[in-house]
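If you're matching positions, the sequence shown starts at 51 in the working numbering and goes up one per residue.
Note that CB positions come from ideal geometry on N, CA and C, so glycine has one too.
To start, the structure under review is shown below, and the notes come after it.
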Amino acid sequence: MDATRRGTLLLIGGGLLGGSVLGGGLLGALLGPARAETAGGTLFLNAYATAAASPDYGVAALDGVGGVRFTTPTPGRAHGIVVHPTRAEAVAFARRPGRWFMPMSLVDGRPGPVIRAPEDRRFTGHGAFSTDGRLLYVAEDDVPRETGSIGVYDAMDGYRRVGAMPTHGLGPHELLMIADGTVLAVGNGGVITHPDTGRAKLNLDEMDSSITYVEVASGKLLDQVRLPEEHANLGIRHIAALADGGIAFGAQDERPVGMLQPLTGTHRPGGGAVRLFETPDDELSRFEGYIGSVAADKGKVAASSPKGGIIGLWDDATGAWLGSAALPDGCGIAPDGDGFLASSGLGNLRTVGAAPDLPGDGLRLADFRWDNHMTRFAT
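Here it is, written out as structure tokens:
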């Protein structure tokens, strides 16, 4: 990279650290003119840590035409972000085991009140709004009962907690609203943790991962599916909605057994067993038994492995392998045009299509370390 461009990127990093609202066409220019011409009216939200020895944490909004719209400071390291369906607002969730979530304006990044978890609950990094935006459903651990829970919050009344329902599984992580807003799909990683031991996994010999489908109106379990017994050491944590009402999922190997195992697949509610995706062995080994994020759009599923520095693509209907792109420490992915935009813990952003090993390093914002999840929405 030439000195002028490097200096420009460092100046952008400095502006973000100051919390400024920025615009311009740098990102679009570096990621390519076709993207800059077609991605107007789109924002990509990603949690970040600054590259300091004692980092600051926040959420950045990247403008699809090339600038940084705003940054919002957060009380600690954020993880998943969900966008309100009817107003210009998003909510960021603390990394598990989390004690907070926080709404923010999508107009100027202004932070809202920090909402704290009840003493006997810990948030697990993700949430979902009802289709009318009145309620927010938050994935959480019910600590004393060692089971999964969904906290219910009134988004029209300052995110006041108004109830809870079970996930019918252990270690819930990502949840999505599906079936026209009547069902929550939950990726239950199957692992128990406790606040006294942080992120330590306490039941690996008896882990029980599943995807559950919970009726929103009643909290009743509608369907539950697990991986085949030979893959019971895999924890399903991340999911993405498909156009046909199903979900795509990604898993991580919690008890390595010394053999390659499929880490991605799809499931349709009421559709029986999961479909596991096909991945060539030489590519599968690059994932190092870990999927950090999943996204789906236009017949393709993308899944990332920050451990392996790889993003894979599959056909969502057939499960066929489409190819991969390298991105060291890459994890955040979101639909973007005909492909996906990806972010990395090293500060990089790059586009990912369907061709294998796509060239180009994309853009690096030197002062930023992007966290695991990226959320896209139209302004």
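| query | Since Thr425 contacts Val241 with CB under 8 Å, what's their CB separation in whole angstroms? | reply | For the purposes of this step, residue 425 is taken as residue 375 along the sequence shown, with counting starting at 1. For the purposes of this step, residue 241 is taken as residue 191 along the sequence shown, with counting starting at 1. For Thr425 against Val241, the beta-carbon gap comes to about 25 Å, at or over 8 Å, which does not count as contact.
| task | Starting from His10, follow its DSSP beta bridges and name the residues at the other end. | result | Any answer about residue 10 is impossible in this case: the structure gives the chain only from 51 up to 429.
| Cβ contact (3+ pairs, closer than 8 Å) linking the stretch 200-216 and the stretch 274-291 | Segment contact: the stretch 200-216 against the stretch 274-291, fewer than three CB-CB distances shorter than 8 Å; contact not assigned.
| Does the separation of the CB atoms of Asp347 and Pro319 fall below 8 Å? | On the sequence shown, residue 347 is found 297 positions in, with the first residue counted as 1. On the sequence shown, residue 319 is found 269 positions in, with the first residue counted as 1. Taking 8 Å as the Cβ cut-off, Asp347 and Pro319 do not qualify as a contacting pair.
| task | In angstroms with no decimal places, state the Cα-to-Cα distance between Gln302 and Leu313. | result | Taking the first residue of the sequence shown as 1, we reach residue 302 at position 252. Taking the first residue of the sequence shown as 1, we reach residue 313 at position 263. Each residue's alpha carbon lies about 7 Å from the other.
| Do you know offhand how far Asp182's Cα is from His134's? | Position 132 of the sequence shown, counted from the first residue, corresponds to residue 182. Position 84 of the sequence shown, counted from the first residue, corresponds to residue 134. If I take the Cα positions, the gap works out to 9 Å.
| said: Counting C-beta neighbours from all protein chains within 10 Å, is the total for Met495 16 or more, i.e. buried, or is it exposed? | reply: The structure shown has nothing for residue 495, since the chain only spans 51 to 429.
| said: Once DSSP output is grouped into helix, strand and coil, what is the label at Asp207? | reply: Counted from its first residue, the sequence shown places residue 207 at position 157. Here Asp207 sits in coil by DSSP.
| request: Measure how close the beta-carbons of Val275 and His317 come, nearest whole angstrom, since I'm counting them as under 8 Å. | output: Here residue 275 is taken as the residue at index 225 of the sequence shown, counted from 1. Here residue 317 is taken as the residue at index 267 of the sequence shown, counted from 1. About 6 Å separates the Cβ atoms of Val275 and His317, confirming a contact at the 8 Å cut-off.
| query | Mapping DSSP to helix, strand and coil, what is His288? | reply | Numbered from its first residue, the sequence shown carries residue 288 at position 238. In the three-state DSSP reduction, His288 falls in the strand class (E or B).
| task | Classify Pro153 as buried or exposed, calling it buried when 16 or more other Cβ atoms lie within 10 Å of its own Cβ. | result | On the sequence shown, position 103 is the one that residue 153 refers to. So Pro153 counts as buried.
| task | Go ahead and label Gly382 buried or exposed: buried means 16 or more other beta carbons lie within 10 angstroms of its beta carbon, across all protein chains shown. | result | In the sequence shown, counting from the first residue as 1, residue 382 sits at position 332. A residue is called buried when at least 16 other Cβ atoms come within 10 angstroms of its Cβ; Gly382 meets this threshold and is buried.
| field | Through-space distance from His129 to Arg400, alpha-carbon basis | value | By 1-based counting over the sequence shown, the position of residue 400 is 350. By 1-based counting over the sequence shown, the position of residue 129 is 79. If I take the Cα positions, the gap works out to 20 Å.
| Among Thr100, Pro378 and Gly126, which one has its Cα closest to the Cα of Arg166? | By 1-based counting over the sequence shown, the position of residue 166 is 116. Selected option, being the one with the closest Cα: Gly126.
| message | Classify Gly213: buried if its beta carbon has 16 or more other beta carbons within 10 angstroms, exposed otherwise. | response | Position 163 of the sequence shown holds residue 213. Counting C-beta atoms within 10 angstroms of its own C-beta, Gly213 has fewer than 16 neighbours from the protein chains shown and is therefore classed as exposed.
| Going by the CB atoms, is the gap between Leu225 and Ala235 shorter than 8 Å? | On the sequence shown, residue 235 is found 185 positions in, with the first residue counted as 1. On the sequence shown, residue 225 is found 175 positions in, with the first residue counted as 1. Result yes, Cβ atoms of Ala235 and Leu225 sit closer than 8 Å.
| By Cβ distance, which residues of its chain are closer than 6 Å to Ala138, with the 5 residues on each side in sequence left out? | Start at 1 with the first residue of the sequence shown, and residue 138 comes out as number 88. Here the set comprises Leu156 and Val157.
| field | Start and end residues, beta strand (DSSP E) containing Glu224 | value | Taking the sequence shown and counting its residues from 1, one reaches residue 224 at position 174. Going by DSSP, Glu224 is part of the beta strand (DSSP E) stretching over Pro222 to Ile228.
| Just reading off the beta strand (DSSP E) that Asp258 is part of, what are its end residues? | Here residue 258 corresponds to residue number 208 of the sequence shown, with the count starting at 1. Per DSSP, Asp258 is not a residue of any beta strand (DSSP E), being assigned neither H nor E.
| query | Does the beta-carbon distance from Glu338 to Ser355 come in below 8 Å? | reply | Counted from its first residue, the sequence shown places residue 338 at position 288. Counted from its first residue, the sequence shown places residue 355 at position 305. It is a contact, given that the beta carbons lie within the stated cut-off.
| request: Take Arg146 and list the residues in its own chain whose beta-carbon comes closer than 6 Å to its own, dropping the five residues that flank it on each side. | output: Counted from its first residue, the sequence shown places residue 146 at position 96. When the five nearest sequence neighbours on each side are left out, the beta carbons in the same chain lying within less than 6 Å of the beta carbon of Arg146 are those of Thr174 and Gly175, in order along the chain.
| field | Three-way DSSP call (helix, strand, coil) for His423 in this model | value | For the purposes of this step, residue 423 is taken as residue 373 along the sequence shown, with counting starting at 1. In the structure shown, His423 sits in a strand (DSSP, three-state: E or B).
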